[in-house]
Amino acid sequence: MSARVGVITFPGTLDDVDAARAVRYAGGEAVSLWHRDTDLQGVDAVVVPGGFSYGDYLRAGAIAARSPVMGPVVEAAHRGLPVLGICNGFQILCEAELLPGALVRNAGLRFICREVRLRVENSTTAWTSGIAAGAEITVPLKSGEGRFVADDDTLARLEDEGRVVFRYADPAPNGALHDVAGVCSDDGRVVGLMPHPEHAIDPLTGPGTDGLGLFTSVLARLTAAA
Amino acid sequence: MIVDVLPKAEILDPQGQAVARAMGRLGVAGVADVRQGKHFVLEVDDEVPDAELERIAGTLLANPVMEEWVVRRVSDAEATAADVPGTHA
């Protein structure tokens, strides 16, 4: 039986369809979750996809982080449920305090939409265990508020604990501190990143298949645990 | 209740910088720095304790990772004055 991965849709979410497609390409079953749901339908993992949830009102991700569905997601994450936040999903996980730091306006004020190379610096997380440490992957970045910031102590702790999971291989185009593109929780089960692995799973519609590794990683781990 | 939220001084505020540069082009001298933030006006019952107002500001209106905030309890008249842009002119 294939693992079931929930994909949340908030008002303003854009990338839920691609995220569900990535789950299916990786061999999993995608389960649609709605922002008003309070039942996660027993899913084995959750993807919080990109977009502009609630129109980015207040701060990007701020309203979504306090939406009904996120209560059970936060609770399940604290019990070890693998959760992946992509772009706006990363912002939501930071606002929900599942991940440290915050994402703020790009240093150059421009919305950035292009492919970027990422270095996978931690291949022990639930979402990167099938990718070799140090591997470089090419995925699209498309965000206006993607500059990762955190205070010095938090950044030092993240570096010491190997919790910078993805780093821009070239200087961060958005001015992210330490060129951070993605980080994880202390147990490595919650991962967030600004670029979009779900858009890089098929050469027909993206730069390649480099992004598929995140989805096959979590499914391999879930299947092994079953 | 009024809550003013600003990006922390140590966090780069590219919007504020863009505003500061535009001031230079207006011929305004002497403005060293601009930080752009948010101004919230809330109608709150008098019985709501200060700690609750602080909680609203620190857990929802502002993100402590990147912003700092000031909470002020004001009268309706003050809040209205602060709320109408024309009164500052």
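First to last, the protein sequences are chains A and B. Numbered per our numbering, the first sequence spans residues 1 to 226. Numbered per our numbering, the second sequence spans residues 1001 to 1089. We put the beta carbon where it would ideally sit given N, CA and C, even for glycine.
Cβ-heavy atom distance, residue i to the ligand GDP, below 7 Å
{"i": "Glu-145(A)", "result": "Annotation note on the ligand GDP: not contained in the displayed structure, which lists no ligands."}
Pair within 8 Å by beta-carbon distance, residue i and residue j
{"i": "Ile-112(A)", "j": "Gly-146(A)", "result": "yes"}
{"i": "Glu-198(A)", "j": "Asp-18(A)", "result": "yes"}
{"i": "Val-1019(B)", "j": "Val-1034(B)", "result": "yes"}
{"i": "Ala-60(A)", "j": "Asn-106(A)", "result": "no"}
{"i": "Phe-90(A)", "j": "Tyr-54(A)", "result": "no"}
{"i": "Ser-217(A)", "j": "Leu-99(A)", "result": "no"}
{"i": "Arg-114(A)", "j": "Leu-141(A)", "result": "yes"}
{"i": "Gly-208(A)", "j": "Ala-200(A)", "result": "yes"}
{"i": "Ala-26(A)", "j": "Leu-219(A)", "result": "yes"}
{"i": "Val-116(A)", "j": "Pro-195(A)", "result": "yes"}
{"i": "Gly-50(A)", "j": "Leu-81(A)", "result": "no"}
{"i": "Glu-1014(B)", "j": "Leu-109(A)", "result": "Sequence inspection shows Pro at residue 1014(B); the Glu mentioned does not correspond to that position. Contact: yes."}
{"i": "Phe-166(A)", "j": "Ala-181(A)", "result": "yes"}
{"i": "Gly-1037(B)", "j": "Pro-1007(B)", "result": "yes"}
{"i": "Tyr-168(A)", "j": "Asp-152(A)", "result": "no"}
Residues near residue i by beta carbon distance below 6 Å, same chain, minus five either side
{"i": "Ala-1057(B)", "result": "Val-1003, Trp-1069, Val-1071"}
{"i": "Leu-222(A)", "result": "Ala-3, Asp-44"}
{"i": "Met-1001(B)", "result": "Leu-1042, Val-1044, Leu-1053, Arg-1073"}
{"i": "Ala-1079(B)", "result": "Val-1041"}
{"i": "Asp-37(A)", "result": "Val-69"}
{"i": "Leu-1060(B)", "result": "none"}
{"i": "Val-73(A)", "result": "Val-46"}
{"i": "Leu-214(A)", "result": "Trp-127, Pro-197"}
{"i": "Ala-96(A)", "result": "Ala-65, Met-70, Val-74"}
Under the three-state DSSP convention, the category residue i falls into
{"i": "Ala-220(A)", "result": "helix"}
{"i": "Pro-207(A)", "result": "coil"}
{"i": "Val-1019(B)", "result": "helix"}
{"i": "Arg-163(A)", "result": "coil"}
{"i": "Leu-193(A)", "result": "strand"}
{"i": "Val-5(A)", "result": "strand"}
{"i": "Gly-12(A)", "result": "coil"}
{"i": "Glu-1043(B)", "result": "coil"}
{"i": "Gly-42(A)", "result": "coil"}
{"i": "Ala-30(A)", "result": "strand"}
{"i": "Gly-50(A)", "result": "coil"}
{"i": "Arg-1072(B)", "result": "strand"}
{"i": "Ala-1077(B)", "result": "helix"}
7 Å CB neighbourhood of residue i in its chain, flanking five on each side removed
{"i": "Ala-1089(B)", "result": "For Ala-1089(B), the pLDDT reaches just 40, beneath the cut-off of 50, and the residue's location in the model is therefore unreliable, although a value from the coordinates is still provided. None."}
{"i": "Gly-101(A)", "result": "Cys-94, Phe-148, Val-149, Ala-150, Thr-154, Val-183"}
{"i": "Ser-123(A)", "result": "Ser-129, Ile-131, Ala-132, Ala-133"}
{"i": "Val-104(A)", "result": "Glu-145, Arg-147, Val-149"}
Any chain D beta carbon closer than 8 Å to residue i
{"i": "Leu-40(A)", "result": "Here chain D cannot be found, since the structure's protein chains are A and B."}
Own chain residues within Cβ distance below 8 Å of residue i, not counting five before or after
{"i": "Met-1023(B)", "result": "Val-1031, Val-1034"}
*Fully enclosed by the region 93 to 150 of chain A, which beta strand (DSSP E) runs are 3 residues long or longer?*
102 to 104, 112 to 120, 136 to 143, 147 to 149
*Quick one, which residues of the region 1027 to 1059 of chain B are near chain A if we go by CB-CB under 8 Å, in chain order?*
Of all residues in the region 1027 to 1059 of chain B, none places a beta-carbon less than 8 Å from a beta-carbon of chain A.
*Select from the region 1001 to 1017 of chain B all residues with a C-beta closer than 7 Å to any C-beta belonging to chain A, and list them in chain order.*
Ile-1011, Leu-1012, Pro-1014, Gln-1015
*In chain order, each beta strand (DSSP E) run of at least 3 residues that lies wholly inside the region 52 to 85 of chain A*: none
*Please list the residues of the region 1063 to 1080 of chain B that have a C-beta atom closer than 7 Å to any C-beta atom in chain A, keeping them in chain order.*
Asn-1063, Val-1065, Met-1066
_Positions along the region 172 to 189 of chain A whose CB lies within less than 9 Å of some CB in chain B_ = Gly-175
*Contact list for the region 101 to 114 of chain A against chain B, Cβ threshold 8 Å*: Gly-101, Ala-102, Val-104, Arg-105, Asn-106, Ala-107, Gly-108, Leu-109
_Members of the region 145 to 171 of chain A that neighbour chain B once the beta carbon cut-off is set at 7 Å_ = Only those residues of the region 145 to 171 of chain A whose C-beta falls short of 7 Å from the nearest C-beta of chain B are listed: Val-149, Ala-150.
*Scan the region 38 to 63 of chain A for residues whose Cβ lies nearer than 8 Å to a Cβ of chain B and list them as they occur along the chain.*
Leu-58, Arg-59, Ala-62
*Report the residues of the region 87 to 99 of chain A with a CB closer than 8 Å to any CB of chain B, ordered along the chain.*
Cys-94, Glu-95
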